[in-house]
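The block underneath contains the structure these notes are about, expressed in structure tokens.
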């Protein structure tokens, strides 16, 4: 059953994918690349689970709650990692991740 909650969560996931992709690319261009490894890795995982969650919601998968729960956990972890770095792209990514985690948690309720 497609609802406004789905739409809000899908939108948050799409915004998170974009923020993670921007952060990922920008992290690859940072001077201290070694310091950014965990952030880069989390950006990839987060963008991937957000894309999967979006597809699952769009197709009304019977596993939406489980997928959104996992998505919320990964988004939260990515947000926490990005928050550690002072780069603007990391801070914007963290905000998008936390917003997406909240939207995904709404899907689980």
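Residue numbers (the working numbering): 61 to 169.
Glycine included, each C-beta is placed from N, C-alpha and C at the ideal position.
How about the stretch 111 to 126 and the stretch 87 to 101: do they share at least three Cβ pairs that are nearer than 8 Å? The stretch 111 to 126 makes no contact with the stretch 87 to 101, as fewer than three CB pairs between them are under 8 Å.
Under the three-state DSSP convention, the category residue 121 falls into: Coil, per DSSP.
CB of residue 161 to nearest heavy atom of the ligand ZN: below 8 Å? Judged by which ligands are present, the structure shown has none, so any question about the ligand ZN falls away.
Report buried or exposed for residue 91, applying the criterion of at least 16 other Cβ atoms within 10 angstroms of its Cβ. Residue 91 should be labelled exposed.
Kindly list the residues whose CB is nearer than 8 Å to the CB of residue 157, restricted to its own chain and excluding five residues on each side of it in sequence; keep chain order. Contacts found: 76, 79, 80, 106, 135, 136, 138, 139, 142.
From the DSSP output, in three-state form, read off residue 141 for me. In this structure, residue 141 counts as helix in the three-state DSSP scheme.
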